[in-house]
Structure formats: C-alpha cells, structure tokens
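This report refers to the structure that appears directly beneath it.
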Amino acid sequence: MLIFKLLSALLDYPDDALLAELRREVAQAGSALTLVENLDEQGLLSAENHLGVAYVIDYLLDNEATVVQANYVQTFDLTPEHSLHLTHHIFGEEKTRGPALIDLTEYLKSYGYQHDEKELPDFLPLMLEFVSELAVDEARVFLGDAGKVLGVIADNLGKAASPYARLIGVVNQFGSLVKLAA
C-alpha cells in the first residue's frame, strides 16, 4: 500500500532529500493531488483525504526547507501534546511505557518487520511504514487500535492550525472504518 509509505514519509522529518524527492515525484505526476491519487492504487482514501494529503505536500514544497524543518521540530519535537510517539500520549514518561514498547516491538517482529533500533516502535512514521506492508483489513485493525490516540493528536494539531492535522486525520479515519463495520 504505497499511500501509507507516502504518509509515513510526510510525517517524518522533512529533510532535504525527502523534499527533493517530493519535488521530483510531483513534477513527474503533474501535481501533488495526482501523485496522491496515483499512490492510492487501491482507492483506500476518499477524495477529501486525497486533497488533505496533497495540501500537506504543497505546504512542504511551497515553503523554504528551513521553514518547514523548523515548523516540524516545533510541532513534533518541542510540543509534547503533538508527539508522534503514540505511547507517550497514554503513559507519558512513566515506567509502564517500557513494557508497551517491548510488546509493540515483539508484535512487529512477529510479522517479520525489522525497524531501525534507534527509533522507538511507537513512532507513527515507523508504524505507517509497517502498515504499508499489511493487508488492508489488518492495516485497518492495527490503526483502529490506535484510534483514540490518533484522534487526540489530530485535535491538538488542529487547535494549533498545523497542516499535519490533516495527515493524522486521514490515518485515523482509515483505522476508524474498522470500528464502523464492527
């Protein structure tokens, strides 16, 4: 599911290599929206969600790299209520967070997924990279389990008028569809 690889990249730090790759891909596709539509080959997201993802791509490409990089750091690294480490929103820095991270690591390993050990397994871009390798139903269930936390992050980002709120909303909406079907 290439669309989740894109979401993972967009929620990770926007380094110069990512921004250059996005520029190339958008130029090749003709627009950010066309790129998003092309990567959603299975039609997993709504047209409204495609627009939201394209909006973030345009935001990243229409601003100076240093501006979007500083905004990313301010948004995600310096504002705890926006943290992309999902267990932080449940446990904070309590000792009980450790076992949850170990359980998540073991879960990822049970699928044969190996991640960079420098990154905690609850980092949303890493989790979306994992989701990109799952079947659609498994991806919905996996993200559905994180729905409450994703909703909180999306709300917090929305209150801060962050463009990233749209991306978290897209991820949350995809996972929430499993709850509607239950």
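Going by our numbering, 110 is the number at position 110 of the sequence shown; the sequence numbering is gapless.
Ideal placement from N, C-alpha and C gives every residue a C-beta, glycine not left out.
For residue i, the first and last residue of its enclosing alpha helix (DSSP H)
| i | result |
| --- | --- |
| His50 | Ala47 to Asp62 |
| Tyr111 | Careful: Tyr111 lies outside any alpha helix (DSSP H) and carries neither H nor E. |
| Ala190 | Lying outside 1 to 182, the shown extent of the chain, residue 190 is not represented and no answer is given. |
| Leu35 | Ala32 to Leu39 |
| Gly158 | Gly147 to Lys159 |
| Phe4 | Leu2 to Leu11 |
| Gln69 | Ala65 to Tyr72 |
| Glu21 | Asp16 to Ala29 |
| His88 | His88 to Phe91 |
Minimum Cβ-Cβ distance from residue i to chain C less than 9 Å
| i | result |
| --- | --- |
| Val131 | Judged by its chain identifiers, the structure shown contains no chain C, having just a single protein chain. |
Own chain, CB closer than 8 Å to residue i, minus 5 neighbours either side, in chain order
| i | result |
| --- | --- |
| Val170 | Leu7, Leu45, Asn49, Gly52 and Val53 |
| Ala61 | According to the sequence shown, residue 61 is Leu rather than Ala. Excluding sequence neighbours, Leu61 sits near Leu19, Leu22, Arg23, Val26 and Ala32. |
| Ile57 | Leu10, Leu22, Val26, Ala32, Leu35 and Val36 |
| Ala65 | Pro14, Asp16 and Leu19 |
| Asp12 | Leu18 and Pro125 |
| Asp40 | Leu2, Ile3 and His50 |
| Pro80 | His88 |
| Gly147 | Asn172, Gly175, Ser176 and Lys179 |
Cβ neighbours of residue i in the same chain (closer than 6 Å, five flanking residues each side left out)
| i | result |
| --- | --- |
| Ser132 | Met1, Phe4 and Lys5 |
| Ala154 | Ala165, Ile168, Gly169 and Asn172 |
| Ala139 | Val131 |
Neighbourhood of residue i by C-beta, 7 Å cutoff - its chain only, sequence neighbours within 5 removed
| i | result |
| --- | --- |
| Leu143 | Val131, Val171, Phe174 and Gly175 |
| Leu157 | His82, Tyr164, Ala165 and Ile168 |
| Leu126 | His115 and Glu119 |
| Glu129 | Lys5 and Ser8 |
| Gly151 | Asn172 |
| Leu108 | His115, Pro121 and Phe130 |
| Tyr55 | Pro163 and Arg166 |
Contact belief for residue i with residue j at Cβ below 8 Å, rounded distance in angstroms
| i | j | result |
| --- | --- | --- |
| Asn38 | Ala47 | Contact flag wrong, Cβ pair sits at about 14 Å. |
| Ile90 | Val149 | 7 Å |
| Thr87 | Asp122 | 4 Å |
| Val68 | Pro14 | 5 Å |
| Leu84 | Leu124 | 4 Å |
| Ser162 | Thr75 | 5 Å |
Three-way DSSP call (helix, strand, coil) for residue i in this model
| i | result |
| --- | --- |
| Ala181 | The predicted position of Ala181 is uncertain, since its pLDDT is 45 and thus under 50; no value can be drawn from it. |
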